Amino acid sequence: MARLRDDAIRWITRRHAHDGQAARLGRDRIYILPTRAGYTLLGILLVMLLGSINYSNNMAFLLTFLLVGIGHNAMWYTHRNLLGLQVATLPVPPVFAGQPLGIPLRLSETDGRAREALVLRVGNRATGPFPVPGRGAETARLELSGQPRGLYRLPRQRLDTRYPLGILEAWTWLTLTPEIVVYPDPIDPGATLGGTGGDEAPASTGHAGDAPDQIRPYRPGDPPGRIIWKAFARSGKLHVREAASGQGDRLWLEWDAMPAPDTETRLSMLCHQVLAAHAEGRFFGLRLPDQTLEPGQGVSHRDSCLRALAGFRTKPIELDPEPRS
Numbered sequence: 004m005a006r007l008r009d010d011a012i013r014w015i016t017r018r019h020a021h022d023g024q025a026a027r028l029g030r031d032r033i034y035i036l037p038t039r040a041g042y043t044l045l046g047i048l049l050v051m052l053l054g055s056i057n058y059s060n061n062m063a064f065l066l067t068f069l070l071v072g073i074g075h076n077a078m079w080y081t082h083r084n085l086l087g088l089q090v091a092t093l094p095v096p097p098v099f100a101g102q103p104l105g106i107p108l109r110l111s112e113t114d115g116r117a118r119e120a121l122v123l124r125v126g127n128r129a130t131g132p133f134p135v136p137g138r139g140a141e142t143a144r145l146e147l148s149g150q151p152r153g154l155y156r157l158p159r160q161r162l163d164t165r166y167p168l169g170i171l172e173a174w175t176w177l178t179l180t181p182e183i184v185v186y187p188d189p190i191d192p193g194a195t196l197g198g199t200g201g202d203e204a205p206a207s208t209g210h211a212g213d214a215p216d217q218i219r220p221y222r223p224g225d226p227p228g229r230i231i232w233k234a235f236a237r238s239g240k241l242h243v244r245e246a247a248s249g250q251g252d253r254l255w256l257e258w259d260a261m262p263a264p265d266t267e268t269r270l271s272m273l274c275h276q277v278l279a280a281h282a283e284g285r286f287f288g289l290r291l292p293d294q295t296l297e298p299g300q301g302v303s304h305r306d307s308c309l310r311a312l313a314g315f316r317t318k319p320i321e322l323d324p325e326p327r328s
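Just so we're aligned, residue 4 is where the sequence shown starts under the numbering used here, counting upward by one.
See below:
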């Protein structure tokens, strides 16, 4: 049985190897079989048919064929509930190591008929039944267990339905490929940014001979971390500290400066420092053994640094949707 199942999975994978970012469900990729309730009903109908033949009872024949017709009609409705749907990936918000992952997929209906009781599954994780309105769209969100730091691919997805009677199940396999990024878990190295935390400095800032900082009035958009709060308490006016270059002091977050022996702890310390430097509005860069990110500011620069930490010396692997004990 296990071998037969594996052969079926390989056959389906060859037929629908790569959906990419979107897929449309045609007749060639929808499968349908009776559920346990459906097989039970089929057995009851067979007994009713034998009884009708044995006793030549016209009313029994009528009831039997009426139930067969209802079941046949249900098969058409169940298959049609998936037919023509469009499924597309949405951006997956990055998370830190160990945090639950939310995978959003968007289902769109273009044929003008509402779809009911759809369920999206990855491994043993599933959404609750949800509808898709006619000529509308619905976002299904899969909640998956936390993962270690790294870049991940989503395993095969299964979209199924038992609408309307629950006696038949139609399903399809999807191989959508959203990008999933898990950042390192931030760890405070116990030192202030730009200062020393003992014998080893976790980060370096500026250069010898740099011009002294300048003080100027606050302008909208200046980061709160650069406001001189003591001066504000005395005078009631906001002032900002700025380096003579106009870009602020340059901070380098160094791999070699992290006071940790193992890779993951170093990455976690650097992750904490990237978040702290961004929160303070610092002009910072990141040096790793395999790449260097030049100093910059802003959300885009922060995300680039965090992604470099997430992908450090690793390649995208298939995500494990099973819950962790």
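Don't be surprised by glycine CBs; every beta carbon is placed ideally from N, CA and C. Remember, it's a predicted structure, so these values are computed and weren't measured experimentally.
Proximal residues to L48 (C-beta, below 8 Å), its chain only, five neighbours per side dropped: T67, L70, V71, G74
Straight-line Cα distance separating L108 from N127: 17 Å
Of the residues A140, L28, L145, the one placed nearest R124, counting alpha carbons only: L145
First and last residue of the uninterrupted alpha helix (DSSP H) at R310: 302-313
Closest residue to C274 among G301, R310, P298 (Cα-Cα distance): Sorting G301, R310, P298 by C-alpha distance to the C-alpha of C274 places R310 at the top.
R124, DSSP secondary structure in three states: strand
Proximity winner among A63, P192, G23, G137, relative to S111 (alpha-carbon distances): G137
DSSP three-state assignment for D31, whether helix, strand or coil: helix
Minimum C-alpha distance to S271 - residue among G153, K240, L53, T81: G153
Proximal residues to A63 (C-beta, below 8 Å), its chain only, five neighbours per side dropped: M51, G54, S55
Beta strand (DSSP E) runs wholly inside the stretch 68-111, at least 3 long, in chain order: 89-92, 104-111, all fully within the stretch 68-111.
Simplified DSSP state of R290, which is helix, strand or coil: Three-state result, R290: strand.
CB-CB length for Y186 against P97, believed under 8 Å: 6 Å
8 Å contact criterion, which L3 and F286 should meet: CB distance rounded: This structure gives no information on residue 3, because the portion of the chain shown stretches from 4 to 328.
CB-CB length for L289 against V277, believed under 8 Å: 7 Å
Alpha carbon of V3 to alpha carbon of P37, nearest angstrom: Only positions 4 to 328 of the chain appear in this structure, which leaves residue 3 out of reach.
Assigned exposure category for G41 - 16 Cβ within 10 Å defines buried: buried
Through-space distance from H82 to A173, alpha-carbon basis: If I take the Cα positions, the gap works out to 6 Å.
Contact check, A25 vs P167, beta carbons under 8 Å: Not in contact: A25 and P167 (Cβ atoms no closer than 8 Å).
L296 vs L157 beta-carbon contact at 8 Å: no
Whole-Å CB distance - Q300 paired with G314, under 8 Å assumed: Actually they do not touch by this definition, with Cβ atoms about 22 Å apart.
Nearest-angstrom Cα separation, counted from P181 out to Y80: 31 Å
Distance between D114 and L45 (C-alpha atoms, nearest Å): 32 Å
Rounded distance between the beta-carbons of T175 and L28, thought under 8 Å: 5 Å
Q160 burial status per 10 Å Cβ neighbour count (16 or more: buried): buried
Expected contact under 8 Å - CB spacing of P262 and P192 to nearest Å: 6 Å
Beta strand (DSSP E) segment containing E257, residue limits: 253-257
As assigned by DSSP and simplified to three states, the class of I190: Judged by DSSP in its simplified three-state form, I190 adopts coil rather than helix or strand.
Member of Q294, G239, R253 whose CA lies at the smallest distance from the CA of D259: Q294
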